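J.: Sharing a structure with you now.
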Amino acid sequence: MSDDQSREIFREEAFDLLGELESTLLELETSPHDLDMVNRVFRALHTIKGSGAMFGFDDIADFTHDLENVFDKVRNEQLAVTKELISISFAARDHILGLLNGPDGSGNGTPEKGEEILGQIRGLLAPPEAETVPEQQPAAASFEPGLCVSAADEPTPESTPEPTPTPEPEESFAGEAVCYRLLISPRERVVGKELHLEQLFEELRNLGPCTVRLDHRGLPELGGLDPQTLYLNWEVDLTTAVGEESIRDLFLFTDVDLDVDIQVIVPGAPTAVPIPILQNIHKNQSIPDRESAPEQERPTSLDEPLPPAAPKLGELLVQDGAIKPDDLERALGQQKPIGKILTESGLVSEEQVEQAIARQQQTREASAARQQKDAGTSLRVAADKLDLLVDLVGELVIVQAQISQVVTERSDPILTVLSEQLERLSSDLRDSTLGIRMLPIGTTFSKFRRLVRDLSSELGKEIELVTRGEETELDKTVLERLGDPLVHLIRNSIDHGIDMPEERKRAGKRPEGTILLEAVHSGSEVLIRITDDGKGMDAEVIRNKAVEKGLIAADAELSEQEALQLIFLPGFSTAAKITNISGRGVGMDVVQRAIDSLRGVIEIKSAPGQGTTITIRLPLTLAIIEGLQVEVAGAFFVIPLSLVEECVELHSKDVDPTRQQQIIHLRGELVPYIHLRRWFEMEGEPPAIEQIVITGVEGKRIGIVVDRVVGEHQTVIKSLGRVYRDVEGISGATIKGDGTLALILDVPRLVRSVVAEIAN
């Protein structure tokens with residue numbers, strides 16, 4: 226593996242770790258006494274620091290070291306989790322991201338920003354009355370380059386000098402220290418590979434005092450040596466307050482697979498003495514093999530049994546015969562929950578207990594979700610390889626359609642059976658390949674917790690972000706392009722939607738506002754809803770503002786739903802004051818265009834004083850869709866099947882050629898429709914009986930008049946060339962089974978055009 230490949234692997238892992246770090250810090254802010262989350266933060270920082278140093282990102286390793294020390298103090302209960310600590314940690318996390326990506330607009334990634342954050346971190350590390358002490362050189366691990374063996378290998382231990390005591394590490398460990406013995410063995414032929422054991426032992430030394438010794442008892446006779454096999458193992462005695470999982474984290478980024486067995490031993494177990502073993506091996510002298518060598522007895526993991534745990538009171542009373550097991554069960558059933566006891570004593574209110582129980586439940590659910598995620602296995606694949614696979618599957622679908630058409634023309638029963646089998650296989654392959662690209666939307670949702678936290682703090686509002694449906698899956702490309710529109714919508718909910726705490730109290734609401742972000746499956750679509758319980762939007766105010774800005778005519782008749790849709794017009798804003806968050810009239814039209822590019826639609830429902838709900842409808846994937854193929858004047862078009870409601874006939878006698886906009890009575894409802902022939906200015910006479918495809922978009926229904934409905938079509942979406950890119954009403958193209966081209970209709974844009982013409 227080249228250095229560039231190694232560095233890229235580190236970058237990818239670091240991005241994942243920084244994302245995990247951000248979400249864990251947000252959880253830690255709500256549960257500052259959760260030691261499990263503190264340890265997760267520490268492990269993420271420690272892994273970033275260690276692997277950064279290993280792959281040449283020294284600036285990241287040096288910067289992360291001080292922040293790691295802060296959370297080491299938190300783990301050892303020397304430092305409390307405060308708002309200041311969380312804010313500094315977020316700033317440090319952003320700076321590390323800047324070091325990975327390059328400096329951003331806020332200065333993250335620059336040396337000046339790094340020094341500013343380091344100053345804040347060192348302020349947390351400094352004691353209240355810090356004394357000036359001379360700077361000391363960092364202590365070195367008690368490991369010498371060369372070979373060491375256990376003291377048990379020496380025939381005369383009495384003459385062996387006492388080992389030099391291991392110097393104390395740089396960091397203090399105030400928690401309860403545990404003595405571990407690590408047995409390290411290579412799994413593979415490693416000679417010629419970079420093992421970097423010195424660096425690994427140095428990382429172990431940073432965790433606490435350690436002694437390293439070499440186990441050479443696996444060496445065969447000289448004639449049986451394999452020059453590419455490493456017969457040596459290592460034993461490390463480590464005294465540290467960190468847990469076993471943190472120790473194992475150090476071995477994640479070694480280039481060689483190592484078997485690491487970690488045992489807990491009693492402090493004071495026999496230690497090792499460094500011995501220059503090579504000086505004792507003379508030329509042509511054979512080394513005893515395992516059979517002829519005296520058997521060495523390794524120390525057990527525990528030299529003394531642990532003291533038995535004290536029995537519980539109820540168990541003792543049952544053993545003495547004072548009570549029966551049933552009596553004990555009844556007594557235990559009469560115990561009151563701690564929340565009820567505290568409420569009855571007047572120490573806390575019922576609302577405080579309910580809030581604490583809710584946070585406890587959220588922590589349990591998050592922990593269960595993490596365990597479920599960790600239980601699975603995954604394989605990291607480059608995105609371009611996956612995109613190539615999807616493209617090839619798309620080409621296969623096109624070829625399969627061509628084969629089906631040829632088989633239909635020949636009417637050969639054997640070919641028909643084979644064609645049907647090929648169609649099933651290509652369909653299964655298509656679904657499986659697209660399934661690989663599907664990712665849970667929760668990874669996108671989790672990024673907005675930080676946004677809500679920072680903006681609500683900046684605006685002086687109290688806002689809680691609630692997410693649902695995080696397991697709902699969307700195509701990777703859709704998720705990547707969905708982030709920016711959601712940021713715009715959530716920022717608007719925070720700035721315009723949620724009221725100030727004082728206003729909410731006057732309106733009889735809780736001071737804390739709520740933004741609900743949820744995703745659900747609906748057929749072949751995914752619905753994403755952003756709901757806030759703020760002040761809502763007034764359709765009349767929006768209409769008047771649009772007239773004032775000249776966006777619509779003063780006499781335009783708009784329904785409430787149509788008036789709400791005006792916020793997506795370019796340059797529209799009702800904000801009286803321009804801030805760095807919103808109010809410039811830029812944003813919602815960008816959201817509209819972004820959702821259009823994803824072949825989605827966006828709908829709004831709002832009530833003054835109650836709140837607003839914005840719903841985004843998106844296709845599951847942008848690669849292959851189910852479509853309805855239609856024909857107009859010899860040309861073929863595809864309408865996304867998810868937008869089609871029904872098809873009805875239109876007789877020529879019912880058409881008024883003098884009117885641009887036509888209306889059809891459909892079961893008591895007036896539905897406008899457009900002729901594709903007129904829309905695209907196509908020549909030729911329409912048939913006597915045309916077909917109207919009724920579509921539903923954004924709560925509105927319009928009909929699209931075509932010459933003929935061909936049928937359903939498995940549509941592989943192709944991008945448009947420059948000729949069709951600016952044609953209104955066209956969003957893409959596909960290749961039919963006979964090799965001809967069919968254009969994909971942009972139904973949402975057609976609907977908006979019809980609605981705008983009716984309004985004017």
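Here the sequence shown is numbered in the numbering used here, starting from 226 and rising by one per residue.
Glycine is no exception: its CB is placed at the ideal position from the N, C-alpha and C atoms.
Predicted model, so just to flag it, every value in this text is computed and none were measured.
1. Report all residues from its chain with a CB closer than 7 Å to the CB of Gly339; omit the five preceding and five following residues, and keep chain order.
2. Relative to the C-alpha of Arg974, which residue among Gln916, Gly954, Val712, Asp757 is closest?
3. I'd like the span of the alpha helix (DSSP H) that includes His290, first residue to last.
4. Measure the C-alpha to C-alpha separation of Gly936 and Arg824 and round it to an integer number of angstroms.
5. Quick check: the Cα distance between Ile753 and Val873, rounded to an integer number of angstroms?
6. So does the stretch 849 to 863 actually touch the stretch 763 to 778, counting three or more Cβ pairs closer than 8 Å?
7. Grab me the residues of Tyr456's own chain with a C-beta within less than 6 Å of its C-beta, minus the 5 sequence neighbours each way, in chain order.
8. With a threshold of 8 Å, are at least 3 pairs of Cβ atoms found where one atom belongs to the stretch 955 to 965 and the other to the stretch 908 to 916?
9. Please list, in chain order, all residues of the same chain as Thr658 whose beta carbon is under 7 Å from its beta carbon, the five residues on each side excluded.
10. Do the CB positions of Gly175 and Thr692 come within less than 8 Å of each other?
11. Shortest alpha-carbon distance to Leu776 belongs to which of Glu787, Glu785, Leu791?
12. Can you give, in chain order, each stretch of the alpha helix (DSSP H) that sits fully within the stretch 643 to 706 and has at least 4 residues?
13. I'd like the ranges of any beta strand (DSSP E) spanning at least 3 consecutive residues and lying wholly in the stretch 703 to 747.
14. Going by beta-carbon coordinates alone, are Val979 and Ile919 separated by less than 8 Å?
15. What residues in its chain sit with their C-beta under 7 Å from that of Gln817, if we drop five residues either side in the sequence?
16. Tell me whether the stretch 684 to 698 and the stretch 722 to 742 touch, counting them as touching only if at least three CB pairs, one residue from each stretch, are closer than 8 Å.
17. Along the beta strand (DSSP E) that carries Lys925, what are the first and last residues, could you check?
18. Report the rounded CA-to-CA distance for Arg903 versus Ile929, giving the unit in angstroms.
19. Does the beta-carbon of Lys508 have 16 or more other beta-carbons within 10 angstroms, so that it is buried, or is it exposed?
20. Spatial neighbours of Lys730 within its chain, please: CB distance less than 7 Å, with the 5 preceding and 5 following residues excluded, ordered by chain position.
21. Is Gln303 helix, strand or coil by DSSP?
22. In chain order, what residues of the same chain lie with their CB nearer than 7 Å to the CB of Gln1057, ignoring the 5 residues before and after it?
23. For the alpha helix (DSSP H) containing Ser276, name the first residue and the last one.
24. Are at least three pairs of beta-carbons, each pair with one atom in the stretch 839 to 854 and one in the stretch 890 to 899, less than 8 Å apart?
25. Going by alpha carbons, who is nearest to Arg298 out of Glu254, Ile346, Gly277?
26. So, is Asn717 buried or exposed, given that buried needs 16 or more other C-beta atoms within 10 angstroms?
27. With DSSP as the reference, identify every bridge partner of His320, one or two as the case may be.
28. Beta-carbon within less than 8 Å of Gly348's beta-carbon, same chain only, minus the 5 sequence neighbours each way: which residues are those?
29. Note down the Cα distance separating Gln361 from Glu237, rounded to an integer number of angstroms.
30. Taking the Cβ atom as the reference point for each residue, do Asn458 and Leu422 lie within a distance shorter than 8 Å?
31. DSSP on Pro550, reduced to helix/strand/coil?
32. Going by the beta-carbon positions, is the gap between Gly761 and Gly834 smaller than 8 Å?
33. Roughly how many whole angstroms lie between the Cα atoms of Glu634 and Ile628?
34. Using the Cβ count rule (16 or more neighbours within 10 Å means buried), how would you classify Ala254?
35. With Ala788 as the anchor, note down where its beta strand (DSSP E) starts and where it stops.
36. Could you pull out every residue in the same chain whose Cβ sits closer than 7 Å to the Cβ of Met663, ignoring the five residues on either side in sequence?
T.: Taking the coordinates as given:
1. As a working mapping, residue 339 is identified with position 114 in the sequence shown. Excluding sequence neighbours, Gly339 sits near Phe288, His320.
2. Locating residue 974 in the sequence shown gives position 749, counting from the first residue. It is Gly954.
3. Against the sequence shown, residue 290 aligns to sequence position 65. 283 to 300 is the extent of the alpha helix (DSSP H) around His290.
4. What you label residue 936 is simply residue 711 of the sequence shown in a count that begins at 1. What you label residue 824 is simply residue 599 of the sequence shown in a count that begins at 1. Distance between the alpha carbons of Gly936 and Arg824: 21 Å.
5. The count along the sequence shown starts at 1 and reaches residue 753 at position 528. The count along the sequence shown starts at 1 and reaches residue 873 at position 648. The straight-line gap from Cα to Cα measures roughly 31 Å.
6. no
7. The residue labelled residue 456 in the question sits at position 231 within the sequence shown. Here the set comprises Gly443, Leu444.
8. no
9. For the purposes of this step, residue 658 is taken as residue 433 along the sequence shown, with counting starting at 1. Same-chain partners within the cutoff: Leu614, Val615, Val618.
10. Past the boundaries of the shown model lies residue 175; the chain is included only from 226 to 985, so the question cannot be answered.
11. The sequence position of residue 776 within the sequence shown is 551, counting from 1. It is Leu791.
12. 667 to 670, 672 to 684
13. 738 to 747
14. As a working mapping, residue 979 is identified with position 754 in the sequence shown. As a working mapping, residue 919 is identified with position 694 in the sequence shown. No, they are not a contact pair.
15. As a working mapping, residue 817 is identified with position 592 in the sequence shown. Counting only Cβ-Cβ distances below 7 Å, and skipping sequence neighbours, we find Phe793, Ile827.
16. yes
17. Start at 1 with the first residue of the sequence shown, and residue 925 comes out as number 700. Per DSSP, Lys925 belongs to the beta strand (DSSP E) from 925 to 931.
18. As a position in the sequence shown, residue 903 is number 678, starting the count at 1. As a position in the sequence shown, residue 929 is number 704, starting the count at 1. The alpha-carbon atoms of Arg903 and Ile929 are separated by roughly 11 Å.
19. The residue given as residue 508 occupies position 283 in the sequence shown. Residue placement at Lys508 is poorly supported in this model, since its pLDDT is 42, which falls under 50; the coordinates still yield a value, given next. When all chains shown are included, Lys508 counts as exposed.
20. The residue you call residue 730 lines up with position 505 of the sequence shown. Excluding positions up to five away in sequence, the list reads Pro736.
21. In the sequence shown, counting from the first residue as 1, residue 303 sits at position 78. DSSP places Gln303 in coil when its eight states are reduced to three.
22. This structure cannot speak to residue 1057, because the chain is shown only from 226 to 985.
23. Looking up residue 276 in the sequence shown gives position 51. Per DSSP, Ser276 belongs to the alpha helix (DSSP H) from 260 to 279.
24. no
25. Counting from one through the sequence shown, the residue named residue 298 turns up at place 73. Note on identity: in this sequence residue 298 is Lys, with Arg being the wrong assignment. Ranking Glu254, Ile346, Gly277 by Cα distance to Lys298 puts Ile346 first.
26. Within the sequence shown, numbered from 1, the residue matching residue 717 stands at position 492. Burial call: buried.
27. On the sequence shown, residue 320 is found 95 positions in, with the first residue counted as 1. Bridge partners of His320: none, in fact.
28. Counting from 1 along the sequence shown, the entry for residue 348 is found at position 123. Nothing listed; no residue qualifies.
29. Locating residue 361 in the sequence shown gives position 136, counting from the first residue. Locating residue 237 in the sequence shown gives position 12, counting from the first residue. Legend: pLDDT at Gln361 = 44, less than 50; position of this residue unreliable, no value from coordinates given.
30. For the purposes of this step, residue 458 is identified with residue 233 of the sequence shown, where counting begins at 1. For the purposes of this step, residue 422 is identified with residue 197 of the sequence shown, where counting begins at 1. No. Outside cutoff.
31. To locate residue 550, count along the sequence shown from 1; it is residue 325. Here Pro550 sits in helix by DSSP.
32. Position 536 of the sequence shown, counted from the first residue, corresponds to residue 761. Position 609 of the sequence shown, counted from the first residue, corresponds to residue 834. Yes, the Cβ-Cβ distance between Gly761 and Gly834 is below 8 Å.
33. For the purposes of this step, residue 634 is taken as the residue at position 409 of the sequence shown. For the purposes of this step, residue 628 is taken as the residue at position 403 of the sequence shown. Going by the C-alpha atoms only, they are around 10 Å apart.
34. Along the sequence shown, read from residue 1 onward, the residue named residue 254 stands at position 29. Residue 254 is actually Glu in this sequence, not Ala. Looking at its Cβ environment, which holds 16 or more other Cβ atoms inside 10 Å, Glu254 is buried.
35. By one-based count along the sequence shown, residue 788 stands at place 563. From DSSP, Ala788 is part of no beta strand (DSSP E) but of the alpha helix (DSSP H) over 785 to 789.
36. By one-based count along the sequence shown, residue 663 stands at place 438. Glu698, Leu699, Asp700, listed in sequence order.
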